[in-house]
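Asks: Quick note: the sequence shown uses the numbering used here, first residue 105, plus one each step. All C-beta atoms, glycine included, are put in the ideal place defined by N, C-alpha and C. One structure, pasted below without further comment.
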Amino acid sequence: SGFGSALPARREQRRLWEGFFAGPYAQSPVARRVWRNAGVERRHGVVDPCVEDVSGWGTAQRMRRFLAEAVPLGKEALGACLHDAGLAPTEVGLLTVVSCTGYATPGLDILLARDLGMRESVQRLHVGHMGCYAALPGLAAAADAAAARGKVALLLCLELPSLHVQPRTDEIDVEQVVAHALFGDAAAAVAVTPGAARAGSLRVVDVAARTDQAHAGMMSWDVTDRGFRMGLSPRVPDVVRRHVGEVVTDLLDGSGVCRDDVVGWAIHPGGPRVIDVVQRELGLSDAAVAPSRGVLRDCGNCSSATVLLIIDRIVRRRPPEPGTAIVSLAFGPGLTLYAALLRA
105 SGFGSALPAR REQRRLWEGF FAGPYAQSPV ARRVWRNAGV ERRHGVVDPC VEDVSGWGTA
165 QRMRRFLAEA VPLGKEALGA CLHDAGLAPT EVGLLTVVSC TGYATPGLDI LLARDLGMRE
225 SVQRLHVGHM GCYAALPGLA AAADAAAARG KVALLLCLEL PSLHVQPRTD EIDVEQVVAH
285 ALFGDAAAAV AVTPGAARAG SLRVVDVAAR TDQAHAGMMS WDVTDRGFRM GLSPRVPDVV
345 RRHVGEVVTD LLDGSGVCRD DVVGWAIHPG GPRVIDVVQR ELGLSDAAVA PSRGVLRDCG
405 NCSSATVLLI IDRIVRRRPP EPGTAIVSLA FGPGLTLYAA LLRA
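Okay, structure coming up:
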């Protein structure tokens, strides 16, 4: 029933390449091609590598910076969400915080609840290290709390991958080139409330998941002494192709929703090829995938926050008519596919 987001300073993709990443990669035709075809024109980051090179930082230093940057960004997104939903902080019964790019104890959930003036009795949940699909199980937990226990629930997805630029090496690591070309920082928050939905809001109908354990190693996010390191096989789109049709069919059939009722598709842009694969497998039009390509172009891949940004873009572009549906799809380590069905 409410949405809010917060983005750090904008970084132009061309400037990032020319001012920093072209240094170790300039002589690699593969690296240049990856950057040129990433589908990203601009993104946002708490770190500008052209000014501040964090690639040599240890993980502890990166986590201290994560906390310093994440608290004000999270407050901004949650504050905007509360305002949009017409809620006071004291009405919140559950605060769920999702992140795979930084951790602290006391955690962001505790610090944000304190700073926003939530009640001491507010319940909290932290979803960590699930990667790009984590918004959807987080949304399911919020919806379950609202439906089963009457809680007003807030979900915050906050990711700062700009803190995890990896050290330069003599040998070109294509997986790191892809990660450095795609990921951007963002915070996005939604409010889920019990009872009758207000006009223009979305209802969480169901969530579906599929994990292909045989291909678990194709996508990873490893904690190292130099931050978190992405592992990203170029074969990931092939696995997505294999499963996405069945996941969507299970989701819609289980809820009695026809494909004709779906007016919006929020597809997590793990990269342009992932969007291409989903579009072909589901027979979607260019217009249907335009919001996903638009968020990739304007923000990059913001890990868990991305699908929330896409859903917001879909709703703002054309508010769905009552009874119509939006399907959200996201992919991440495992190798895992998650889908959520939302209905106006």
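Secondary structure at Trp121, three-state DSSP: helix, strand or coil?
Replies: As a working note, residue 121 is residue 17 in the sequence shown. DSSP places Trp121 in helix when its eight states are reduced to three.
Asks: Is the beta carbon of Leu259 less than 8 Å from the beta carbon of Ala249?
Replies: For the purposes of this step, residue 259 is taken as the residue at position 155 of the sequence shown. For the purposes of this step, residue 249 is taken as the residue at position 145 of the sequence shown. Not in contact: Leu259 and Ala249 (Cβ atoms no closer than 8 Å).
Asks: Can you give me the start and stop residues for the beta strand (DSSP E) that Thr315 sits inside?
Replies: In the sequence shown, the residue the question calls residue 315 occupies position 211. Start and end: 307-315.
Asks: Using 8 Å for Cβ pairs, my map puts Cys236 next to Phe107. What's the rounded Cβ distance?
Replies: Counting from one through the sequence shown, the residue named residue 236 turns up at place 132. Counting from one through the sequence shown, the residue named residue 107 turns up at place 3. With 8 Å as the limit, Cys236 and Phe107 do not qualify as a contact, their Cβ atoms being about 19 Å apart.
Asks: When the Cα of Gly432 is compared with those of Asp365, Ala394, Val352, Ala283, which residue comes out closest?
Replies: By 1-based counting over the sequence shown, the position of residue 432 is 328. Per the sequence shown, residue 432 should be read as Ser rather than Gly. Selected option, being the one with the closest Cα: Val352.
Asks: Our contact map puts Val269 next to Ser159 with C-beta atoms below 8 Å; I'd like the distance itself, whole angstroms only.
Replies: Taking the sequence shown and counting its residues from 1, the one referred to as residue 269 is at position 165. Taking the sequence shown and counting its residues from 1, the one referred to as residue 159 is at position 55. So it is a contact: roughly 5 Å between Cβ atoms.
Asks: If you check the beta carbons only, do Met322 and Val348 fall under 8 Å apart?
Replies: Within the sequence shown, numbered from 1, the residue matching residue 322 stands at position 218. Within the sequence shown, numbered from 1, the residue matching residue 348 stands at position 244. Not in contact: Met322 and Val348 (Cβ atoms no closer than 8 Å).
Asks: With a threshold of 16 other CB atoms inside 10 Å of the CB of Glu156, please say whether the residue is buried or exposed.
Replies: Counted from its first residue, the sequence shown places residue 156 at position 52. Answer is exposed; the Cβ neighbour count stays below 16.
Asks: Can you list, in chain order, the residues of its chain with a C-beta nearer than 6 Å to that of Met255? Leave out the 5 residues immediately preceding and following it.
Replies: Here the question's residue 255 lines up with position 151 in the sequence shown. Note on residue identity: the sequence assigns Lys, not Met, to residue 255. The residues are Gly197, Leu198, Ala249.
Asks: By how many angstroms is the C-alpha of Thr410 removed from the C-alpha of Leu113?
Replies: Position 9 of the sequence shown, counted from the first residue, corresponds to residue 113. Position 306 of the sequence shown, counted from the first residue, corresponds to residue 410. Sequence inspection shows Ala at residue 113; the Leu mentioned does not correspond to that position. Cα to Cα, Ala113 sits roughly 17 Å from Thr410.
Asks: Could you please give me the residues that DSSP links to Glu116 through a beta bridge?
Replies: Here residue 116 refers to the residue found at position 12 of the sequence shown. Answer is Arg146, bridged to Glu116.
Asks: Tell me the rounded alpha-carbon separation between Leu264 and Ala174.
Replies: As a first step, residue 264 must be located in the sequence shown, where it is residue number 160. As a first step, residue 174 must be located in the sequence shown, where it is residue number 70. If you take the alpha carbons of Leu264 and Ala174, they lie about 8 Å apart.
Asks: Give me the DSSP bridge partner(s) of Cys261.
Replies: Taking the first residue of the sequence shown as 1, we reach residue 261 at position 157. DSSP, once it has assigned bridges, lists Val202, Ala292 as partnering Cys261.
Asks: Between the Cα of Ala293 and the Cα atoms of Ala172, Ser408, Asp219, Thr163, which residue gives the shortest distance?
Replies: The count along the sequence shown starts at 1 and reaches residue 293 at position 189. Cα-wise, what sits closest to Ala293 is Ser408.
Asks: Looking at C-beta atoms only, is the number of pairs between the region 221-235 and the region 409-426 that lie closer than 8 Å three or more?
Replies: Judged by Cβ distances under 8 Å, the region 221-235 makes no contact with the region 409-426, as fewer than three pairs qualify.
Asks: How many angstroms separate the CA atom of Ala181 from the CA atom of Ser109?
Replies: Within the sequence shown, the letter at position 77 stands for residue 181. Within the sequence shown, the letter at position 5 stands for residue 109. If I take the Cα positions, the gap works out to 4 Å.
Asks: Tell me whether His233 sits in a helix, a strand or coil according to DSSP, three-state version.
Replies: Residue 233 sits at position 129 when you count from the first residue of the sequence shown. In the structure shown, His233 sits in coil (DSSP, three-state: anything other than H, G, I, E or B).
Asks: By how many angstroms is the C-alpha of Cys403 removed from the C-alpha of Asp152?
Replies: Here residue 152 corresponds to residue number 48 of the sequence shown, with the count starting at 1. Here residue 403 corresponds to residue number 299 of the sequence shown, with the count starting at 1. Going by the C-alpha atoms only, they are around 15 Å apart.
Asks: Can you tell me where the beta strand (DSSP E) with Thr440 in it begins and where it stops?
Replies: Numbered from its first residue, the sequence shown carries residue 440 at position 336. Per DSSP, Thr440 belongs to the beta strand (DSSP E) from 440-447.
Asks: Do Leu240 and Ser203 count as a contact pair if the criterion is CB distance below 8 Å?
Replies: In the sequence shown, residue 203 corresponds to position 99, counting from 1. In the sequence shown, residue 240 corresponds to position 136, counting from 1. No, Cβ-Cβ distance for Ser203 and Leu240 is not below 8 Å.
Asks: Report back the beta-carbon spacing between Val382 and Ala429 to the nearest angstrom; my notes put them in contact at under 8 Å.
Replies: Residue 382 sits at position 278 when you count from the first residue of the sequence shown. Residue 429 sits at position 325 when you count from the first residue of the sequence shown. That pair is no contact at about 17 Å.
Asks: From the DSSP secondary-structure annotation, give me the bridge partner or partners of Leu433.
Replies: As a first step, residue 433 is located in the sequence shown; it is residue number 329 there, counting from the start. In the DSSP output, where bridge partners are listed per residue, Leu433 has Ile371, Ala443.
Asks: Please classify Ser389 as buried or exposed, where buried requires at least 16 neighbouring CB atoms within 10 angstroms.
Replies: The residue given as residue 389 occupies position 285 in the sequence shown. Per the 10 Å Cβ criterion, exposed.
Asks: I need the boundaries of the beta strand (DSSP E) containing Ala110, first residue and last residue.
Replies: Residue 110 sits at position 6 when you count from the first residue of the sequence shown. 106-110 is the extent of the beta strand (DSSP E) around Ala110.
Asks: By the 10 Å Cβ neighbour count, where 16 or more other Cβ atoms means buried, how is Arg118 classified, buried or exposed?
Replies: Position 14 of the sequence shown holds residue 118. The residue is exposed, with fewer than 16 neighbouring Cβ atoms inside 10 Å.
Asks: Given that a residue counts as buried once 16 or more other Cβ atoms are within 10 Å of its Cβ, and exposed if not, what is Asp365?
Replies: Looking up residue 365 in the sequence shown gives position 261. That one is buried.
Asks: Taking 8 Å as the cut-off, does the region 270-287 touch the region 136-149 (at least 3 CB pairs, one atom from each stretch)?
Replies: Result yes; three or more Cβ-Cβ pairs closer than 8 Å.
Asks: For Thr205, count neighbouring C-beta atoms within 10 Å of its own C-beta (all shown protein chains included) and say buried if the count is 16 or more, exposed if not.
Replies: What you label residue 205 is simply residue 101 of the sequence shown in a count that begins at 1. Counting Cβ neighbours within 10 Å, Thr205 comes out buried, since at least 16 surround it.
Asks: Given a cut-off of 8 Å, decide if Leu306 and Val150 are closer than it, judged by their beta-carbon atoms.
Replies: In the sequence shown, the residue the question calls residue 150 occupies position 46. In the sequence shown, the residue the question calls residue 306 occupies position 202. Not in contact: Val150 and Leu306 (Cβ atoms no closer than 8 Å).
Asks: I'd like the ranges of any beta strand (DSSP E) spanning at least 3 consecutive residues and lying wholly in the region 337-373.
Replies: Listed in chain order, they are 366-371.
Asks: To which residues of the same chain is Ile379 closer than 7 Å at the C-beta, ignoring the five residues directly before and after it?
Replies: Numbered from its first residue, the sequence shown carries residue 379 at position 275. Only Ile371, Pro373, Val393, Ser396, Arg397 meet the Cβ criterion.
Asks: Find the nearest neighbour of Ile414 within the set Trp369, Arg218, Pro426, judged by alpha-carbon distance.
Replies: Locating residue 414 in the sequence shown gives position 310, where the first residue counts as 1. Ile414 has its Cα closest to that of Trp369, out of Trp369, Arg218, Pro426.
Asks: My assumption, with CB atoms under 8 Å, is that Val278 sits in contact with Val134. Please give the rounded CB distance.
Replies: The residue you call residue 278 lines up with position 174 of the sequence shown. The residue you call residue 134 lines up with position 30 of the sequence shown. Confirmed, Cβ separation roughly 6 Å.
Asks: Report the partner residues of Thr328 according to the DSSP bridge assignment.
Replies: Position 224 of the sequence shown holds residue 328. Gly331.
Asks: Run through DSSP, which three-state label would Met454 get?
Replies: Any question about residue 454 goes unanswered here, given that the chain covers just 105 to 448.
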